[in-house]
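*Asks:*
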Amino acid sequence: MGDQIQFIVEKLNQEPFRKNYNLISFDSLESLQLLQLLSDVLGEIDPKHAVDIREELPEQTAKRMLNVLGILKYKPPGTVSDLSAFRQGLVTGSKTVIHPVLHWLLQRTSELRTRAYLARFLVKLEVPAEFLQDDTVADFNKQYEELMEAFKNLHKEHEQLKISGLSTAEIRRDISAMEEEKDQLAKRVERLKKRVETVQNHQRMLEIARQLRLEKEREESLAQQKQEQKSQLFHAEQKLQRAQVQLKEMQQMVADSKPESLMKKLEEEMNFNSYLVTEKIPREMESKKTSVYFLQKVVAEPAMTQADLTALESERDEVNAEINQLIEKRMIKYEPTDSKFSMYRQQASIISRKKEAKAEELQAAKEEMSSLERQMEQKSSQAHELEGSEVLTEDEFKQYVSKLRSKNTFYKKKRLEIAEITAEYGILQRTEELLRQRHEAIQEQLQAIEEKKGISGYSYTQEELERVSAVKSEMDEVKGQTLDNMSEMVKKLNAMVAEKKASLAPVIKELRQLRQNCQELTQECDEKKMQYDSCAAGLETNCSALEQEVKQLLEECAQEESNYHYINCMKRSLEIQLQRAKEEMKAYMSPEPQERRRAVREQYTRIILEQENLGKKLREKQKVVRESHGPNMKQMKMWQDFEQLMECKRECFLKQQNQAAIGQIIQEGGKDRLVL
1 MGDQIQFIVE KLNQEPFRKN YNLISFDSLE SLQLLQLLSD VLGEIDPKHA
51 VDIREELPEQ TAKRMLNVLG ILKYKPPGTV SDLSAFRQGL VTGSKTVIHP
101 VLHWLLQRTS ELRTRAYLAR FLVKLEVPAE FLQDDTVADF NKQYEELMEA
151 FKNLHKEHEQ LKISGLSTAE IRRDISAMEE EKDQLAKRVE RLKKRVETVQ
201 NHQRMLEIAR QLRLEKEREE SLAQQKQEQK SQLFHAEQKL QRAQVQLKEM
251 QQMVADSKPE SLMKKLEEEM NFNSYLVTEK IPREMESKKT SVYFLQKVVA
301 EPAMTQADLT ALESERDEVN AEINQLIEKR MIKYEPTDSK FSMYRQQASI
351 ISRKKEAKAE ELQAAKEEMS SLERQMEQKS SQAHELEGSE VLTEDEFKQY
401 VSKLRSKNTF YKKKRLEIAE ITAEYGILQR TEELLRQRHE AIQEQLQAIE
451 EKKGISGYSY TQEELERVSA VKSEMDEVKG QTLDNMSEMV KKLNAMVAEK
501 KASLAPVIKE LRQLRQNCQE LTQECDEKKM QYDSCAAGLE TNCSALEQEV
551 KQLLEECAQE ESNYHYINCM KRSLEIQLQR AKEEMKAYMS PEPQERRRAV
601 REQYTRIILE QENLGKKLRE KQKVVRESHG PNMKQMKMWQ DFEQLMECKR
651 ECFLKQQNQA AIGQIIQEGG KDRLVL
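The UniProt record's numbering puts the first residue of the sequence shown at 1, with every later residue one more than the last.
1. Can you say whether THR61 is buried or exposed, counting buried as having 16 or more other CB atoms within 10 angstroms of its CB?
2. My guess is that LEU106 and ILE45 are in contact by the Cβ rule of under 8 angstroms, so how many angstroms apart are they, rounded?
3. In or out: SER221 buried (at least 16 other Cβ within 10 Å) or exposed?
4. Where does GLN14 sit, in a helix, a strand or coil, going by DSSP?
5. Beta carbon of GLU584, beta carbon of ALA599: below 8 angstroms?
6. What separation, rounded to the nearest whole angstrom, lies between the Cα atoms of PRO593 and LYS586?
7. Within 10 angstroms of the Cβ of GLY630, are there 16 or more other Cβ atoms? Answer buried if so, exposed if not.
8. Buried or exposed, going by whether 16 or more other CB atoms sit within 10 Å of the CB of GLN6?
9. Could you check whether PHE131 and MET148 sit closer than 8 angstroms to each other, using their CB atoms as the reference points?
10. Does the beta-carbon of GLY2 have 16 or more other beta-carbons within 10 angstroms, so that it is buried, or is it exposed?
11. GLU56 by DSSP, collapsed to three states: which one?
12. List the endpoints of the continuous alpha helix (DSSP H) containing PHE121.
13. Assign SER473 to one of three DSSP states: helix, strand, or coil.
14. Tell me the DSSP secondary structure of LYS95 in three-state form.
15. Does the region 91-107 touch the region 23-34, meaning 3 or more C-beta pairs lie closer than 8 angstroms?
16. How is GLN200 classed by DSSP in three states: helix, strand or coil?
17. Let me know the secondary structure DSSP gives ALA599 once reduced to three states.
18. Pop quiz: VAL137 and VAL127 are said to be a contact at Cβ under 8 angstroms. What is the actual Cβ separation, rounded to whole angstroms?
19. Assess contact between the region 354-363 and the region 269-281, defined as three or more Cβ pairs (one per stretch) separated by less than 8 angstroms. Is contact present?
20. Thinking C-beta only, is LEU102 closer than 8 angstroms to ILE8?
21. Between the C-alpha atoms of THR92 and GLU30, what's the straight-line distance to the nearest angstrom?
22. In terms of alpha-carbon separation, which member of GLU602, GLY538, LEU416 and ASP484 lies closest to ARG87?
23. Express the C-alpha separation of LEU212 and GLN225 in angstroms, rounding to a whole number.
24. How many angstroms separate the CA atom of ALA129 from the CA atom of GLU510?
25. At a cut-off of 7 angstroms, is GLN325 close to the ligand ADP when judged by its beta-carbon and the heavy atoms of the ligand?
26. Cβ atoms of LYS617 and GLU318: under 8 angstroms apart, would you say?
27. Under DSSP, the alpha helix (DSSP H) around LEU132 begins and ends at which residues?
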């Protein structure tokens with residue numbers, strides 16, 4: 001709060017207020033002085049609010065300030081009740097209300113001044129709907145809205161021009177500089193014309209120079225066209241090369257493709273598709289059908305109560321116990337041959353799962369490849385539409401590198417030529433400087449000769465006199481025409497003024513009478529408005545007090561209602577718990593076994609017994625596994641040895657067959673030789 005007051009005092013001591021306050025004197029201001037200070041600050045933002053509050057009623061002052069703060073979009077802190085307190089504090093001149101408003105206004109004075117200026121033209125007048133039924137009023141209202149929109153657009157353009165940094169002073173300086181340059185250029189052109197006129201056949205030389213300039217421009221345009229045609233030719237050659245490379249690749253693919261490879265690919269695709277049709281898709285369909293059947297069954301059943309759920313849970317526990325007992329019996333009757341088949345079954349299931357996984361991976365890869373091919377086709381079509389270059393092949397890249405090297409050498413040659421041209425340019429600059437010095441020396445000699453002859457400054461004075469005389473003659477002609485035009489315009493204006501005075505005389509008489517009536521009506525309106533404002537202020541204070549009282553009563557009612565609901569909920573929960581406890585005691589003390597079984601205690605004891613029995617069975621199973629581990633490992637080793645032995649026998653049998661076939665071929669060959 002102290003920083004806020006200090007900021008207000010600093011701003012009020014500066015321009016344009018210059019109040020010379022300190023913290024003590026500002027804090028000791030009375031309510032009327034604070035209101036006058038707030039009115040002065042608002043008057044600085046909007047001049048029409050620079051009013052002495054002693055000349056108006058307090059209700060009018062409060063209403064005027066509230067309207068201004070509403071236009072400036074000031075948001076007082078707090079809720080609705082705080083807003084009524086804010087209005088009352090603004091009427092009484094309370095420090096807690098005035099100080100924040102002053103701080104907010106002095107923080108953003110320039111911004112609020114712009115907003116107040118815009119509010120004079122952009123605050124829309126609300127026309128009642130019944131008046132808008134008239135066509136004339138509706139047309140005027142529409143024109144009013146269109147003018148408001150036009151004003152908004154013009155103001156935005158004005159602000160943008162301000163931000164762009166182009167001021168009138170800078171534009172005027174630029175214009176004056178450009179005019180000076182224009183005059184200098186005109187002087188140079190006149191001097192050059194005078195010099196050229198002394199040369200023989202100067203018209204013919206000027207025509208030749210003009211033709212030379214036109215031919216140079218034509219040469220530049222032709223060179224540009226040549227460059228464009230070269231670039232088009234280069235792009236066409238690149239497209240041709242790419243097409244040739246694609247043709248070669250397609251020919252190689254056709255040449256390399258054999259019937260065997262094509263048949264192999266077709267067989268692989270056929271096997272994969274047959275696997276999908278015969279195994280994978282039917283299995284997935286069966287699983288989906290079963291899941292849909294169970295879901296439909298669940299949806300068709302009626303809503304289940306807690307008792308039904310407990311019954312189902314007990315049935316599930318009993319079925320699980322039976323399953324565990326059957327598994328234990330099967331483990332007791334365990335046979336080695338079954339273990340071998342189970343091992344093969346397990347391997348077969350693993351292989352089938354791997355096969356399914358690979359089939360899914362292959363299908364996903366095919367889908368991804370097809371999506372990538374579609375994307376590639378889209379990108380290639382977009383590139384053809386934009387006439388962009390495609391990805392270069394190896395041969396195209398080599399050609400591009402060779403062309404780049406040739407261009408690099410060409411660039412180096414041109415760079416040397418540019419260096420030579422820059423050196424020649426430096427020499428020409430030096431020559432120009434020497435010629436300028438020689439010209440200045442000749443001018444000095446001419447001035448010295450003129451001084452010797454007693455006619456110093458003759459040439460310069462003669463040129464100036466000719467120029468001044470030409471300008472004077474032009475100005476005299478312009479002045480004469482201007483005076484004639486002005487005299488005619490004055491006569492016309494006098495005649496128009498006389499006509500307007502004669503036509504407006506009766507209207508002015510009527511206007512005087514209307515002004516007198518308007519003054520009487522405005523005085524009566526002000527008196528009625530003062531009475532209305534005072535009555536409205538009293539009603540508003542009473543209404544704010546009643547609203548505050550109603551708000552307190554509503555809060556108390558809501559609190560009592562929430563307490564009632566909370567107590568009611570607690571009561572219902574306690575009743576439910578008591579009912580459950582009574583049912584539990586009734587079920588536990590009941591002589592019937594069915595009722596006693598539904599008790600929670602009986603259920604937990606039954607679960608404990610089942611878990612203990614399950615633990616015993618698992619320990620017995622562990623004991624059986626430990627006892628049969630050694631013989632099973634021995635039997636597995638014997639089976640592996642037997643498998644190796646059979647493999648060796650198969651290899652020996654194949655070798656014997658091969659040797660017998662070779663011996664028979666040798667015997668047949670010997671017989672043939674003997675016959676020969």
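We treat Cβ as the ideally placed atom computed from N, Cα and C, and that holds for glycine.
*Replies:* With the structure as the only source:
1. Here residue 61 refers to the residue found at position 61 of the sequence shown. Burial call: buried.
2. Position 106 of the sequence shown, counting from 1, holds the residue named residue 106. Position 45 of the sequence shown, counting from 1, holds the residue named residue 45. That belief does not hold up - the Cβ atoms of LEU106 and ILE45 are roughly 10 angstroms apart, past 8 angstroms.
3. Translated into positions along the sequence shown, residue 221 becomes position 221. Exposed: under 16 other Cβ atoms inside 10 Å.
4. The residue labelled residue 14 in the question sits at position 14 within the sequence shown. In this structure, GLN14 counts as coil in the three-state DSSP scheme.
5. Within the sequence shown, numbered from 1, the residue matching residue 584 stands at position 584. Within the sequence shown, numbered from 1, the residue matching residue 599 stands at position 599. Their beta carbons are under 8 angstroms apart, which means GLU584 touches ALA599 by this criterion.
6. For the purposes of this step, residue 593 is identified with residue 593 of the sequence shown, where counting begins at 1. For the purposes of this step, residue 586 is identified with residue 586 of the sequence shown, where counting begins at 1. Rounded to the nearest angstrom, the two C-alpha atoms are 12 angstroms apart.
7. Indexing the sequence shown from 1 puts residue 630 at position 630. Result: exposed.
8. On the sequence shown, residue 6 is found 6 positions in, with the first residue counted as 1. Exposed, by the Cβ-count rule.
9. Here the question's residue 148 lines up with position 148 in the sequence shown. Here the question's residue 131 lines up with position 131 in the sequence shown. Contact flag unset, no.
10. On the sequence shown, position 2 is the one that residue 2 refers to. It is exposed - the Cβ of GLY2 has fewer than 16 other Cβ atoms within 10 Å.
11. Translated into positions along the sequence shown, residue 56 becomes position 56. Coil, per DSSP.
12. Here residue 121 refers to the residue found at position 121 when the sequence shown is read from its first residue. 109-122 is the span of the alpha helix (DSSP H), which, as asked, contains PHE121.
13. Residue 473 sits at position 473 when you count from the first residue of the sequence shown. If DSSP states are grouped into helix, strand and coil, SER473 belongs with the helices.
14. Numbered from 1 along the sequence shown, position 95 holds the residue referred to as residue 95. Helix at LYS95.
15. yes
16. The sequence position of residue 200 within the sequence shown is 200, counting from 1. The answer is coil: DSSP assigns GLN200 none of H, G, I, E or B.
17. To locate residue 599, count along the sequence shown from 1; it is residue 599. Looking at ALA599 - three-state DSSP - the assignment turns out to be coil, as it is neither helix nor strand.
18. The residue given as residue 137 occupies position 137 in the sequence shown. The residue given as residue 127 occupies position 127 in the sequence shown. 7 angstroms between Cβ atoms; contact.
19. yes
20. Here residue 8 refers to the residue found at position 8 when the sequence shown is read from its first residue. Here residue 102 refers to the residue found at position 102 when the sequence shown is read from its first residue. In this structure, LEU102 lies closer than 8 angstroms to ILE8 by Cβ.
21. Within the sequence shown, numbered from 1, the residue matching residue 92 stands at position 92. Within the sequence shown, numbered from 1, the residue matching residue 30 stands at position 30. Using only the alpha carbons, I get a separation of about 10 angstroms.
22. Start at 1 with the first residue of the sequence shown, and residue 87 comes out as number 87. Among GLU602, GLY538, LEU416 and ASP484, the Cα nearest to that of ARG87 is on GLY538.
23. Taking the sequence shown and counting its residues from 1, one reaches residue 225 at position 225. Taking the sequence shown and counting its residues from 1, one reaches residue 212 at position 212. Cα to Cα, the separation comes out at about 20 angstroms.
24. In the sequence shown, residue 129 corresponds to position 129, counting from 1. In the sequence shown, residue 510 corresponds to position 510, counting from 1. Distance between the alpha carbons of ALA129 and GLU510 is about 32 angstroms.
25. Only the bare structure without any ligand can be found here, which leaves the ligand ADP out of the picture.
26. Residue mapping note: residue 318 aligns to position 318 of the sequence shown, counting from 1. Residue mapping note: residue 617 aligns to position 617 of the sequence shown, counting from 1. Not closer than 8 angstroms, so no.
27. Against the sequence shown, residue 132 aligns to sequence position 132. Here LEU132 belongs to no alpha helix (DSSP H), and DSSP marks it neither H nor E.
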